Amino acid sequence: MKIKNQKKKRKYLFLIISLSLFIFSVSFLYYNRFNSYINFKKIQCYSSGATISANLFLPKDNLEFQGEHPLVFFVHGLGSQKDLDPRIPIELTKRGFFVASIDYRGSGESTGGLLDMNYDEYHNRTNIPAIAQDCSKLLDKIETLPEYSRINSSQIGIVGHSFGGMVALMNSALDNRFKAIVTWAGLVNFSASLFGISESHPFMNYIPAKIINITNPQNLLVIHSIFDTTVPYEKNALVAKNLTNCSMVNITHHILGGPHFLLVDEVLVKTINWFEQQFFNSITINGPIRASYIRIYVLLFLTLFSIFLTTIAIMVTISKYIVIEKEQPQIFEENDKSRLKYGIKNFIIIFSSYIGIIMIWFFFIVQLGIPGLFLAPAIIILIILILSCIKHFVGIKKTNGRTKHIFTKSNLIKIIKSYFKKNIVVYPLISAAIFLILYFSVSISFPFGFFSPINFISFILAYGIYPFYLVFELYYRKIVYDKLDFIRSPLIKLIIVNAMGIFHMIFLMLLAYSLFLIVAFMATFFISLVVMLMNSLIYEKTKNFGSVLISSFLIIQIFFCSAITSLYGFGSLINLL
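Offset between the sequence shown (1-based) and my numbering: plus 23.
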């Protein structure tokens with residue numbers, strides 16, 4: 024009784040700590056938000072057959088020295104999206120700027136492809152890359168909003184990172200409404216082979232190296248690390264300097280996180296100084312710069328971690344109130360075989376199957392590239408089903424028909440019903456609902472680092488990840504976990520299963536590393552790890568395979584859904600991947 028009470032106290036203590044961490048991190052996120060922007064609006068515009076999406080952040084404070092506010096566009100890098108990098112939106116709104124964080128075509132919530140060409144109002148092709156006018160079309164839209172009355176039309180700028188730097192240069196060179204430009208590791212000069220097109224493709228006539236000059240764009244600042252190998256300094260930053268005689272900030276020291284991402288205060292300070300010098304003719308009139316983006320990153324991580332911990336804590340706490348009829352696991356007979364022999368036999372089965380599955384994935388990814396990542400699970404599932412059928416029919420033959428045939432209507436109905444018993448359905452559904460409620464309760468008003476479904480079509484297409492999800496659950500629940508029945512401790516079994524799954528995920532991430540140019544795919548992989556840990560607890564409580572298939576897939580689907588549009592936009596860049 025005493026031990027039982029101690030376990031109960033530990034469960035409630037875990038719940039209290041998790042909830043406290045969640046409340047703490049969310050409270051400080053909101054504190055930082057209300058110190059910079061009061062609200063943000065999701066806005067959309069139409070551009071050459073695509074819908075361009077953006078977040079318009081509204082500053083909290085007015086400027087003491089002028090009535091209207093500057094507006095700066097933030098253009099993310101390749102494979103990212105508008106609500107993943109909080110640096111510009113947070114730091115500039117804090118200083119009285121409006122910020123429009125844009126998903127250019129083929130990224131995030133925007134539709135279309137990166138290499139689309141522009142069409143005029145009469146639907147005639149102009150041979151101008153559509154992406155070179157996405158920011159301009161968004162500015163046209165902003166000019167129709169009530170908020171535009173608060174914006175100074177002579178104080179509009181763009182900052183773009185990496186591929187977004189290219190987008191910023193293209194748009195500002197073609198539209199003189201953009202008065203100040205900053206590129207972070209901006210892409211300026213490249214060959215057509217990078218995008219898998221020919222040099223004669225019309226897109227190549229509008230790359231920055233061919234359209235920027237001494238007068239276009241206006242007031243350009245290039246910030247670049249001399250150690251950048253992703254977008255090399257000599258082929259891009261120096262080319263921009265030679266063509267435009269622009270101002271430059273050379274990052275000559277090594278940076279935590281790598282030279283390409285430029286996660287350092289110096290970059291942010293120089294960017295803010297540049298815009299304020301061009302717009303206000305002073306770098307001091309708006310007060311000192313107190314960057315808080317590092318704190319935002321830490322709080323985002325703590326919030327996401329606390330959401331996971333709180334979900335697990337609630338799952339553990341409520342499991343005692345839901346009566347769950349567990350499937351009875353098969354227990355080996357110690358009279359037939361010793362524990363050691365039985366354990367060795369099962370270990371060999373687990374090890375050989377583990378190596379086999381990893382080698383199948385390796386083969387398909389090496390041979391087919393990214394498509395192999397999604398084809399391999401279907402092959403693995405087929406192999407598992409074939410082996411299960413062979414094992415079943417061999418069992419029937421060995422017992423001269425005494426073993427019951429499972430492929431009868433009554434048996435199949437019985438199996439299906441066992442997966443959909445009331446409490447077996449309720450428990451995982453509640454678990455998934457808790458996670459999603461906590462997740463979206465934060466993301467609704469603080470969008471950075473959070474993902475959401477883009478549209479219904481993408482949500483349906485996201486079912487394409489189901490074989491990937493299913494093969495993990497099928498293998499680690501029905502094979503690995505069940506074959507560990509010679510281990511009495513549930514905790515040790517959970518540790519072994521999850522350690523194998525985590526290594527498996529890391530292995531796939533390394534094999535398909537180019538896919539992680541798309542941040543939403545990276546998030547999908549990480550959320551798959553979270554779901555795997557949640558499902559381990561669900562399976563331990565229910566011992567029912569159906570319970571882990573019911574709800575958690577929805578969580579993965581939501582994240583994968585946010586990557587679908589980016590994947591489509593990358594269609595023309597398959598050589599890059």
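No residue lacks a Cβ here, since even glycine has one placed at the ideal position from N, Cα and C. Only a predicted model underlies this, so the values are computations on that prediction, with no experimental measurement involved.
By the C-beta criterion, the stretch 319 to 338 is judged not to be in contact with the stretch 125 to 141, since fewer than 3 inter-stretch pairs fall below 8 Å. With 16 or more other Cβ atoms inside 10 Å of its own Cβ, K516 counts as buried. By the criterion of a C-beta distance shorter than 6 Å, V339 is surrounded in its chain by K34, once the five residues flanking it on both sides are discounted. A check of alpha carbon separations from A260 across M140, V245, S329, T267 identifies V245 as the nearest. Straight across, the Cα-Cα distance linking M140 with K258 is about 25 Å. In the DSSP assignment, R148 is bridged to Y142. Annotated three-state conformation of H527 is helix, per DSSP. Annotation: Y54 to D106 spans about 18 Å, alpha carbon to alpha carbon. A distance of 8 Å or more separates the beta carbons of I179 and L101. Secondary structure of S41 (DSSP, three-state): helix. Look at D106 here: in three-state DSSP terms it is coil, with no helix or strand label. Y316 has its alpha-carbon roughly 11 Å from the corresponding atom of L52. Nearest to H184 by alpha-carbon distance, out of I312, H283, I40, is H283. Membership of F370 in the alpha helix (DSSP H) is indicated by the continuous run 362 to 391.
When secondary structure is reduced to three states using DSSP, G188 falls in the helix class.
It is roughly 23 Å from the alpha-carbon of M382 to the alpha-carbon of I518.
Between the alpha carbons of I335 and K31 lies a gap of roughly 15 Å.
Counting along the chain, A263 sits inside no beta strand (DSSP E); it lies in the alpha helix (DSSP H) bounded by residues 256 to 267. If you draw a straight line from the Cα of V448 to the Cα of L560, it comes to about 14 Å. As the crow flies, the alpha-carbon of E289 is around 36 Å from that of A73. With 16 or more other Cβ atoms inside 10 Å of its own Cβ, F473 counts as buried.
Of the other Cβ atoms in all chains shown, fewer than 16 fall within 10 Å of the Cβ of A522; this residue is therefore exposed. Distance from the CA atom of S216 to the CA atom of I488, rounded to whole angstroms, is 30 Å. Per DSSP, V272 is one residue of the beta strand (DSSP E) stretching across 270 to 274.
In its chain, beyond the 5 residues on either side, V287 have a beta carbon closer than 6 Å to the beta carbon of I278. D126 carries a strand assignment under DSSP once its states are collapsed to helix, strand and coil.
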